[in-house]
Every structure is written in structure tokens, then in C-alpha cells.
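Each remark here refers to the structure printed beneath this line.
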Ligand code: ACO
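In our numbering, the protein residues as written are 8 to 442.
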């Protein structure tokens, strides 16, 4: 990383400060403002991190203007076409693609650790039947810390790696059991002869009374969706994992915090919100323009869910790939009329929005969540599981980012400052003298 400088001049005092200008491998140059407070006594103000890089990272690169997404330097479309989710996990964790033997060992290691401690099973039954599976997931993932004390030295690289493998291996079991509990169905144990996604489908849908063979088309489509969601640099949930982990909190607690952040409809919860919106549109019988007009109305809180992105000011490359799978799946599978109608509505809505001046001016394009919900519906996955699957996929990203932060050896607790706008220096008034 080459270093130039940027000079800041304080107009009030004429004092100058030279700040390092860091040059990334790709992307905008970045001013290191660490010395600003010491030199000038000023903080910087950037709510929502509009111009602030919170860390250095060598994991995922994205260029929002050009619609580029790369994991460890490999373009997402190549990985989507040629790779598998577990190979992508290996890539993210280890920094490069595995050779044949490395991949076999990795897959076998993950496959053989998908079981949960039997005592953990009882956690699920502590929840109300109507609990959202994301609520269960936040709790159960946080509780994993109570089961793996022996490998929780966060300064030990081997322990960190074991934790990463454990989380990737156990997340589908936790996800599927969150669903099974809410449905009142018996928990299904993982089967080691199945692939990662087949196993998830098996734990979601099989019944002890019947033979169940996971549909290979669904397993393949799901694998692709997991690849597309595996990491996305410093999004809200990943930044949450890093911030929680910066206090040296254990990795399970940090990932549970990430799951909680992902749940919001402005982030991973959007895929569920998109389907609800498309259903409302279909039920209303109103023209699409009416919904686009509502999204533009600043006095209305309604937004087009699945549209817009903080970084992508072009088509989200994941949305392009998901849109393609969506079509294939709806053609290949026996999808219902309702699913096809939702896809038609989504495509028509996309067209209306992309031709609308408001959306054009603000570079609002469909994001990854716009089509993923329809695929999940076509797969028979219930709506409240959409974000859970996103969390399952993103776990590798969260834990890899946490591991990168810990392994740098220069970790400081994340502690933002503030621009205080409240009252000061008030005199305490005894309660009997207050108005
Ligand atoms: N519908 C209507 N208007 C929108 C939308 C939308 N979906 N998204 C952004 N805008 C408008 C804003 O009102 C704002 O308009 P203004 O300049 O007139 O004030 C402008 O576009 C910029 O939007 P911001 O909210 O400032 O952009 P920000 O980067 O803060 O938010 C976000 C990004 C949260 C994704 C936003 O676009 C949104 O709420 N989208 C809908 C929810 C969604 O799909 N979330 C999933 C994101 S992808 C993911 O997390 C996996």
C-alpha cells in the first residue's frame, strides 16, 4: 500500500496537518484521519459511514459503480459458474482456492461436524412455538459459546480456525431446527453422506416416517445462492461482528450480534419484505405505478423493497445471477401459478422502476434480495426462513472477517466518537422542587 499525504488546513487557525493518503489495491484512496483529533482537536462526522473505511481487508472487493464483486480476487460470476459453496468457504477462510486433496479434507471436516450437542437441542424448546426462526438463531448461536470453552482462545489461530469450521458446519442444523421447532415437527439429524445443501434440505423437509431424497435441482440452486451471499465486505452485519469482536468478545457472541443486525428489513430481512410487497401488489389489483409513486413520496414510509444499495449504484451483480437462476428454477420445477405470478410482478415492477426518473437519478437498481425471495418460495422454503438462509450463507463471511481482524495483531476496541447536541451543566433539582 503506497502512501501519499493530504494536507488539511484549519481555516480558523491556519494550522496545517498532513494526513497519510492510503492507496488500496483497487477502489478509492483513503485518508487516514487517526491523527486529526490529536493535531487539530477535531472529530470527523460521518453517520452511516458514507465516506468512512472502518478497517483494511483482503477478503472481498466490490466496486459499486461498475457492479463488480470479487472474493479473494475471484469474480463472483466465475465462482457462481464453476465453484461450490464449500469451496468458496475454503477460499474465503484460507485466501486461495484449494487443491483437490485440500478440498476433500475441508469438505469432510465440515460434513463430520454438523451435529449439535444434545443439550443444545433443549434450547429450541425454550422458545414459543410462534417464535421467528431468526430469534431462535440469534439465541442458539450465542449459546454455542457455552459448549466450546476448550477452543475459545481468540489469540490462538488454530482455535479461530476450529471455530470457523464449527460455525459453518453447524449453521444448517441450527437453521433447519429453528424451522422444525416452529412447525412442531421432530428434529432431523444430519446425514454425512449428503452434500452441504442436500443435508440442509434433508433436515428441513424429511420425516421419520418416509424416505426423503433431496431434489438435486434445489440443492444446486441453494448452493449457488449460498455462494452469492457468502461475503460482502463491510455491510451492517459484518461491521457489527467486527465491532462486537473488537472488545475481544467470543466469536459466537460476535456472530450472534451479526445475525441480529442482518435481521432488519433494510438489510437481510429485505428478501422476506420483498415477497410481502409483491403479494400486496398482486392482491391490491392496483397498477404498479401506484406503488412506485408511493415509494417516491417522502411523506410515505413505503420503499420499494429489494431496490437500492449503499454501495451498488449499478445493477447488483448478485441480482443479475439470481434473476437467471430464478427463471431456470421456475421453468424446471413444478412451480405454482402464484410463484410464477410473483416473478412476473417482480419483473414488471423492475421495468417500471428502472424507467422512472426518480429511480434513474438515484441509481436505484434491484439488489440481491429482489429475486432471492422468489427462488426461496419456488423451493418451498417458508418466508420466515429466507433471512435465516442468508445468515447461514453469510456465516463464513462474518467469521472470516472476524478472524482477519483478530489475526492482524493490532486490534483496538471499536469506539466511535459523537457530536454531542444535548444539554450541559444543569443544576440537579431535588424532586420536591421540580415543576
Ligand atoms: N425505494 C424508494 N426510494 C429509495 C429506495 C427504495 N428502495 N432506496 C433508496 N431510496 C431513495 C432514498 O429515499 C434517498 O432519496 P433522497 O436522495 O431523495 O433522500 C436516496 O434513494 C438514497 O437512499 P438512502 O436511503 O440515502 O441510501 P442508503 O445507502 O442509506 O440505503 C438501503 C440503502 C438501506 C439499501 C435503501 O436503498 C433501502 O432501504 N432499500 C430497501 C431495502 C432493501 O432492499 N434492503 C436490502 C439491501 S441489500 C442487503 O442488505 C443484502
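All C-beta atoms, glycine included, are put in the ideal place defined by N, C-alpha and C.
The structure displayed is predicted, hence computed values, not measured ones.
Report task. Go to residue 143, then tell me how far its beta strand (DSSP E) extends in each direction, as first and last residue. Result -> For residue 143, no beta strand (DSSP E) segment is defined; the enclosing uninterrupted segment is the alpha helix (DSSP H) at 140-150.
Query raised in the report: Cβ of residue 238 within 7 Å of any heavy atom in ligand 1?
Result: No - ligand 1 has no heavy atom lying nearer than 7 Å to the Cβ of residue 238.
Query raised in the report: When the Cα of residue 424 is compared with those of 28, 173, 54 and 242, which residue comes out closest?
Result: Residue 424 has its Cα closest to that of 54, out of 28, 173, 54 and 242.
Query - residue 430 CB to nearest heavy atom of ligand 1 below 7 Å - result: No, Cβ of residue 430 sits at least 7 Å from all heavy atoms of ligand 1.
Query raised in the report: Using the beta-carbon count (16 or more within 10 Å), is residue 180 buried or exposed?
Result: So residue 180 counts as buried.
**Report entry** Residue range of the unbroken beta strand (DSSP E) whose run includes residue 25
**Finding:** Following the DSSP letters along the chain, one finds residue 25 inside the beta strand (DSSP E) bounded by residues 23-29.
Query raised in the report: Are the CB atoms of residue 394 and residue 275 nearer to each other than 8 Å?
Result: Cβ atoms of residue 394 and residue 275: closer than 8 Å.
Report task. Starting from residue 77, follow its DSSP beta bridges and name the residues at the other end. Result -> Residue pairing by DSSP places residue 77 opposite 68 and 82 in a beta bridge.
Requested in this report: Would you check if the stretch 227-240 and the stretch 163-172 touch, i.e. whether three or more CB-CB distances between them fall below 8 Å?
Outcome: Proximity of the stretch 163-172 to the stretch 227-240 falls short of the contact definition, fewer than three beta-carbon pairs being nearer than 8 Å.
Query raised in the report: Should residue 287 be listed as close to ligand 1, given that the test is whether its C-beta is under 7 Å from any heavy atom?
Result: No.
Query - Close beta carbons around residue 116, own chain, < 7 Å, minus the five adjacent residues each side - result: Excluding positions up to five away in sequence, the list reads 172.
**Report entry** As assigned by DSSP and simplified to three states, the class of residue 18
**Finding:** In the structure shown, residue 18 falls within a coil segment according to DSSP collapsed to helix, strand and coil.
Query raised in the report: From what residue to what residue does the alpha helix (DSSP H) around residue 333 run?
Result: Element bounds for residue 333: 324-339.
Report task. Buried or exposed for residue 35, please, with buried defined as at least 16 other CB atoms from any protein chain shown within 10 angstroms of its CB. Result -> Answer is exposed; the Cβ neighbour count stays below 16.
Requested in this report: Quick one: grab the DSSP three-state call for residue 170.
Outcome: Under the three-state reduction of DSSP, residue 170 is assigned to helix.
Requested in this report: Within its chain, find whatever has a CB closer than 7 Å to the CB of residue 12; leave out the 5 residues flanking it on each side and keep chain order.
Outcome: Excluding five sequence positions before and after residue 12, the CB atoms of its chain that fall closer than 7 Å to its own CB belong to 25, 26, 27 and 28, given in chain order.
**Report entry** Span separating the alpha-carbon of residue 350 from that of residue 263
**Finding:** Spanning the two alpha carbons is a distance of roughly 33 Å.
Report task. Name, in chain order, the residues that DSSP records as bridge partners for residue 38. Result -> Answer is 28, bridged to residue 38.
Query - Rounded separation between residue 309 and residue 301 - CA only - result: Distance from the CA atom of residue 309 to the CA atom of residue 301, rounded to whole angstroms, is 6 Å.
Query raised in the report: Fully enclosed by the stretch 169-222, which alpha helix (DSSP H) runs are 4 residues long or longer?
Result: You should have 203-212.
Requested in this report: Check whether the Cβ atoms of residue 159 and residue 402 sit closer than 8 Å, and answer yes or no.
Outcome: Not in contact: residue 159 and residue 402 (Cβ atoms no closer than 8 Å).
**Report entry** Three-state secondary structure (DSSP) of residue 299
**Finding:** In the three-state DSSP reduction, residue 299 falls in the helix class (H, G or I).
Query - Beta carbon of residue 109 nearer than 8 Å to that of residue 97 - result: Result yes, Cβ atoms of residue 109 and residue 97 sit closer than 8 Å.
**Report entry** Opening and closing residue of the alpha helix (DSSP H) in which residue 412 lies
**Finding:** Element bounds for residue 412: 393-414.
Requested in this report: Consider the C-beta atom of residue 135 and the heavy atoms of ligand 1; say whether any pair is separated by less than 7 Å.
Outcome: Within the chosen limit of 7 Å, ligand 1 does not reach the beta carbon of residue 135 with any heavy atom.
Query raised in the report: For residue 21, which residues from the same chain have a beta carbon less than 8 Å from its beta carbon, with the 5 sequence-adjacent residues on both sides left out?
Result: Excluding residues up to 5 positions away in sequence, nothing lies with its Cβ nearer than 8 Å to the Cβ of residue 21 in the same chain.
Query raised in the report: Counting pairs of beta carbons, one from the stretch 274-289 and one from the stretch 374-383, are three or more of them closer than 8 Å?
Result: Contact annotation: the stretch 274-289 touches the stretch 374-383, with at least three C-beta pairs closer than 8 Å.
**Report entry** Local conformation of residue 238 per DSSP, three classes
**Finding:** Of the three classes helix, strand and coil, the one that applies to residue 238 here is coil, per DSSP.
Query raised in the report: residue 210 to residue 196, Cα distance in whole Å?
Result: C-alpha of residue 210 to C-alpha of residue 196: approximately 7 Å in a straight line.
Query - Supposed close pair residue 189, residue 138 - CB separation, criterion 8 Å - result: About 6 Å; that satisfies the 8 Å criterion.
Requested in this report: Within 10 angstroms of the Cβ of residue 241, are there 16 or more other Cβ atoms? Answer buried if so, exposed if not.
Outcome: Looking at its Cβ environment, which holds 16 or more other Cβ atoms inside 10 Å, residue 241 is buried.
Query raised in the report: Comparing the CB of residue 390 with every heavy atom of ligand 1, is any distance shorter than 7 Å?
Result: Residue 390: no, Cβ never under 7 Å from ligand 1.
**Report entry** At least three beta-carbon pairs within less than 8 Å, the stretch 245-254 to the stretch 132-149
**Finding:** Here the stretch 245-254 does not lie against the stretch 132-149, with fewer than 3 beta-carbon pairs under 8 Å apart.
Query - Sequence ranges, alpha helix (DSSP H) only - wholly within the stretch 244-287, length at least 4 - result: Within the stretch 244-287, the alpha helix (DSSP H) runs of at least 4 residues that lie entirely inside it are, in chain order, 258-269.
**Report entry** N- and C-terminal bounds of the alpha helix (DSSP H) containing residue 96
**Finding:** Unbroken alpha helix (DSSP H) run through residue 96: 92-101.
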